[in-house]
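This report refers to the structure that appears directly beneath it.
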Amino acid sequence: MDDRRLPKAVFYSEMAEGKRKHGGQHLRYKDVFKRHLNACTIDPACWEELAAERSSWRSIIFKSVKSFEESRLKILDAKRQLRKERARPSYTYTYNSAGQLYCHACQRAFKTKFGLASHIRAHDRKIS
């Protein structure tokens, strides 16, 4: 393929200059492609040789994507199990002399039980 053609320019070019975005830079197509190849356990250094033979490339892609999906689903199930096994917090609602709910940690007053529960969860996040 000629060096000036767009597909080759996309895969082999480097960014000459520019600033990084505040929330993270935009990734090049090549970088995302490499990330996907690594996730599917395909060596990014030799993918072109593998892709040259189309029938074997299709079977390699099919098998590696299938194994990637299975491992991804196992990880998601494990995370879900951890999340579901956590004990739900029980809140004890305390009232001050004026009859308002208040936080036992910082003595802040609340009008609703929901507001107090959210505030206590925020305290728990700061601790852990």
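Numbering of the sequence shown is given in the UniProt record's numbering, commencing with residue 1 and proceeding in unit increments. Each residue gets a CB set at the ideal place from its N, CA and C atoms; glycine is no exception.
{"Query": "Tyr91 vs Ala109 beta-carbon contact at 8 Å", "Result": "no"}
{"Query": "Residue from Leu6, Ala51, Thr41, Asp43 whose Cα sits closest to the Cα of Tyr29", "Result": "Leu6"}
{"Query": "Residues bridged to Ala109 (per DSSP)", "Result": "Tyr102"}
{"Query": "Between the CA atoms of Leu101 and Thr112 - distance to the nearest angstrom", "Result": "7 Å"}
{"Query": "Counterpart residues of Thr94 in DSSP-defined beta bridges", "Result": "Tyr102"}
{"Query": "Residue interval of the alpha helix (DSSP H) (run including Ala51)", "Result": "47–52"}
{"Query": "Where the alpha helix (DSSP H) containing residue 136 begins and where it ends", "Result": "No statement about residue 136 is possible, as the shown extent of the chain runs from 1 to 128 and does not include it."}
{"Query": "Where Gly23 falls: helix, strand or coil (DSSP)", "Result": "coil"}
{"Query": "Close Cβ partners of Trp57 (< 7 Å) along its chain, the five nearest in sequence each way excluded", "Result": "Leu50, Ala51"}
{"Query": "Coarse secondary structure for Asp43, derived from DSSP in three states", "Result": "coil"}
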